Each structure stands twice: as structure tokens, then as C-alpha cells.
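Top to bottom, those sequences are chains A and B. Take 1 as the starting number for the first sequence in the numbering used here and just add one per residue. Take 1 as the starting number for the second sequence in the numbering used here and just add one per residue. All residues carry an ideal CB built from backbone N, CA and C; glycine is no exception. Given the structure is predicted, the values throughout are model-derived calculations rather than measurements.
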Amino acid sequence: DTAVSQTPKYLVTQMGNDKSIKCEQNLGHDTMYWYKQDSKKFLKIMFSYNNKELIINETVPNRFSPKSPDKAHLNLHINSLELGDSAVYFCASSQDGRNNYGYTFGSGTRLTVV
Amino acid sequence: RKEVEQDPGPFNVPEGATVAFNCTYSNSASQSFFWYRQDCRKEPKLLMSVYSSGNEDGRFTAQLNRASQYISLLIRDSKLSDSATYLCVVNPTQGGKLIFGQGTELSVKP
Numbered sequence: 001d002t003a004v005s006q007t008p009k010y011l012v013t014q015m016g017n018d019k020s021i022k023c024e025q026n027l028g029h030d031t032m033y034w035y036k037q038d039s040k041k042f043l044k045i046m047f048s049y050n051n052k053e054l055i056i057n058e059t060v061p062n063r064f065s066p067k068s069p070d071k072a073h074l075n076l077h078i079n080s081l082e083l084g085d086s087a088v089y090f091c092a093s094s095q096d097g098r099n100n101y102g103y104t105f106g107s108g109t110r111l112t113v114v
Numbered sequence: 001r002k003e004v005e006q007d008p009g010p011f012n013v014p015e016g017a018t019v020a021f022n023c024t025y026s027n028s029a030s031q032s033f034f035w036y037r038q039d040c041r042k043e044p045k046l047l048m049s050v051y052s053s054g055n056e057d058g059r060f061t062a063q064l065n066r067a068s069q070y071i072s073l074l075i076r077d078s079k080l081s082d083s084a085t086y087l088c089v090v091n092p093t094q095g096g097k098l099i100f101g102q103g104t105e106l107s108v109k110p
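(1) Looking at the ligand FAD, does it come within less than 7 Å of S65 (chain A), judged from the CB to the closest heavy atom?
(2) Pull the bridge partners of F33 (chain B) from the DSSP assignment, please.
(3) Please report the Cβ distance between N57 (chain A) and F47 (chain A), rounded to the nearest whole angstrom; I am assuming they are in contact, meaning their Cβ atoms lie under 8 Å.
(4) Note down the Cα distance separating Q14 (chain A) from T59 (chain A), rounded to an integer number of angstroms.
(5) With a CB to CB cut of under 7 Å and the five nearest residues on each side skipped, what residues in its chain are close to Q102 (chain B)?
(6) Among the residues of its own chain, which have a CB less than 7 Å from the CB of K71 (chain A), if the five just before and after it don't count?
(7) Could you please tell me which residues of the segment 7-38 of chain B, in chain order, have their CB closer than 9 Å to any CB of chain A?
(8) Just checking: is the beta-carbon of T104 (chain B) within a distance shorter than 8 Å of some beta-carbon in chain A?
(9) So, does the segment 75-83 of chain A touch the segment 7-22 of chain A, judging by three or more C-beta pairs under 8 Å?
(10) Quick one: give me the first and last residue of the beta strand (DSSP E) that V60 (chain A) is part of.
(11) When burial is assigned at 16 or more other CB atoms within 10 Å of the CB, is L111 (chain A) buried or exposed?
(12) Suppose the cutoff is 8 Å on Cβ atoms and the five residues either side in sequence are ignored; what does the same chain contact list for Y101 (chain A) look like?
(13) Name the residues in the segment 45-69 of chain B whose C-beta lies less than 8 Å from a C-beta of chain A; which are they?
(14) Just how far apart, CA to CA, sit K2 (chain B) and Y25 (chain B)?
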């Protein structure tokens, strides 16, 4: 029973397209996140939602728009994809926003823009 | 200065060796600390939390030195299956976000 599941696992698309990544967690956690891991392996936060409310919005191009229909789901829509968007995108969840117990990550979505 | 700094390695060690990873963090008010493990092309997974008193889980020992803003991970009796990237992770504030170091790559050879 997967705790944090992301779809799709792989996404290859052309520049200029619009795509979405979906994430669902069945842990009953309150807070969900999107992180981006680039080719140098740095994990950088993009967004965080607590109980459907946006609480962290880092300096991310506004082509990226997160949506949380309920606290178990967090989706990421990307408009006008660029080559530099190629990366692995990880969804994560935490028990509460205080992060005292760390995160549980999904298996990642490997996005390649050609 | 980066918020969380680690030696990227790679560390190449023989099976059975003891290896230590270090990590420094810049925010002295940081609240909680973790080590994560990331296998190639997989997601990061929590290895252990790090407490002020130090903690041990089998072959793994984590230590925190708040005065020096320094975290360490010691792996004893390395196994081939320990080969992975080890991420130092810091929670700078309550209610914020976890900050990840760039990771230290470990390769254990037969």
C-alpha cells in the first residue's frame, strides 16, 4: 500500500507544452510539498500546502501552479515547458507542518523536456 | 554560505570499513535534524533523526553538536547495500521547510 504516490513516473514532452503531475498520500498527513531535484542532485522546495492552504511558495516561475483539492492530494501544473524544467519532481508529506518527524517522499516524476 | 553543507564525496570504501560523514548548518536556531538515504534514481528515505544526545540504530550512529552547528553520521561494518547518497537535512524553524544538503555519495566495494 503506497504511502505517497505520484503519477506519472516518467514524462517526456516537447518545449512549450503544458503538463500536470499528480500526488496522493494515504498517511493522513496535514502537509504536502513539491520539491525539485536538479542534475546536481540538490533538492529544493517549490511549494507547500497545509490542509489545502498554500503556506510556502518559493521563487518559482509562475508557469508552475500547484493545486490541492483536499489534504490528501497535491497536483502540479506546468505551463509552457522549457528545457530548464527537466528535473525530477518529488512530492512529499509530513505529519504536521512543524516537520519534527521528517517527510515521506513519493517515488518521483522524471520530467524531460525536449 | 549554504544553509546545509556536506562533502559530496564520493567516498569509496571496502566492505567492513567504518566511514563518517559530516555536515554543517548555518542557522543556529535550527530545530530538528535528520539523515536521509537516496539510492540511485529513487526517492530519499528517512534513515534516522538526530538528537542532541546522539543516537544509534544498529550500525549507524548520528551525533549533533549544536555549539559547532555540526551533524555527523557514522556507519560501522559497511555493507555493499549501504552504497547510496546520504543527505543531511535540517529543519531551520517550526512550521517551515526542510533544507537538504547536496548529499554525500558512498560506494562500498567488495
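To lay it out plainly:
(1) This structure lacks the ligand FAD, and indeed carries no ligand of any kind.
(2) B:V50, B:V90
(3) 6 Å
(4) 24 Å
(5) Q6, P8
(6) Excluding sequence neighbours, K71 (chain A) sits near D30, N51, K52.
(7) P8, Q31, S32, F34, Y36, Q38
(8) no
(9) yes
(10) Neither: V60 (chain A) is in no beta strand (DSSP E) and is coded neither H nor E.
(11) buried
(12) S94, Q95
(13) K45, L46, S49
(14) 8 Å
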